[in-house]
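Take any residue in the sequence shown, count from 1 to its spot, add 65: that is its number in the numbering used here.
First the structure, in the form of structure tokens, and then the observations on it.
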Amino acid sequence: MPETIKRTIIFGKCLFFFLFSLSSASLATEGIEQYHIRYDIKSSRNKIVSTHLSMIPAENEFRAENYSLKTASGAISAGPAEAEAAVEKRIKEDALKTILISEGLKSVKTRDYDTVTSYEGVLTGPVRIIKTTYQPDREIYAYEARVEFSPISFPDRWRTLKFKHKIKQGINSFFELFR
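And the structure:
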């Protein structure tokens, strides 16, 4: 192989690895934009034993690809004396659970008589409460909330999505050099 072709290939590889190293450094300075959320429902002998909602930062989440604005509506029980901040927090949690159950990736794990059903997704931005209405006769808050959400893709797509994510990071890093 001619010497110029070898040098070009080596230069291309060095540039490629340099761009990927820059991408991880440039992403570290940005704010948190995405959150991975998961809702687990544990049941034993057909009775719900416990539930757990977790939400963690997902700055390099590549498994989500189809973001769209999702709307959830529902109602929570609360008395008139309950603090507004506590009611708002419960409304947001209930909205996330509703969206996860209806739109998230569902997985089921079973062992003996215990079953754990998990719903997963990624959201960007905060949960926005559009409308709340208090009904004093029933002591409930009816609500409507919106969030930009994407379910986690099926595992057979993860390899392709990871490759696409790395390419996007490299391109973004390349353009960061010219800012």
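Even glycine gets a Cβ: it sits at the ideal position worked out from N, Cα and C.
Are the CB atoms of residue i and residue j nearer to each other than 7 Å?
i: Lys-162; j: Tyr-104; result: yes
i: Tyr-178; j: Ser-109; result: yes
i: Tyr-208; j: Tyr-199; result: no
i: Glu-158; j: Gly-190; result: no
i: Val-192; j: Ala-150; result: no
i: Ile-194; j: Ile-156; result: yes
Between residue i and the rest of its own chain, which residues show a CB-CB distance below 6 Å, the 5 nearest in sequence each way excluded?
i: Thr-116; result: Ile-106
i: Pro-216; result: Glu-168, Gly-169, Leu-170, Gly-186
i: Val-173; result: Thr-182
i: Thr-136; result: Arg-211
i: Gly-139; result: Asp-159, Thr-163
i: Thr-180; result: Ser-108
If you drop the 5 nearest sequence neighbours on each side, which residues of the same chain put their C-beta closer than 8 Å to that of residue i?
i: Glu-204; result: Ser-142, Ala-143, Gly-144, Pro-145
i: Glu-147; result: none
i: Ile-166; result: Tyr-104, Tyr-184
Under DSSP, the alpha helix (DSSP H) around residue i begins and ends at which residues?
i: Leu-226; result: 223 to 241
Using a Cβ-Cβ cutoff of less than 7 Å, which residues in the same chain neighbour residue i once the five nearest sequence positions on both sides are dropped?
i: Lys-227; result: Phe-127
i: Ile-164; result: Lys-135, Ala-137, Val-212, Phe-214
i: Lys-196; result: Tyr-208, Glu-209
i: His-230; result: Phe-127
i: Val-152; result: Ala-143, Tyr-206
i: Met-120; result: Tyr-100, Ile-102
i: Glu-130; result: Ser-215, Ser-218, Leu-226
Just reading off the beta strand (DSSP E) that residue i is part of, what are its end residues?
i: Ser-115; result: 112 to 122
i: Phe-214; result: 205 to 216
i: Arg-103; result: 99 to 109
So, is the C-beta of residue i closer than 7 Å to a C-beta in chain C?
i: Gly-169; result: Annotation note: the requested chain C is absent from the structure, which comprises a single protein chain.
Which ranges does the alpha helix (DSSP H) cover as unbroken runs of at least 4 residues, wholly within the region 127 to 203, from first to last along the chain?
149 to 168
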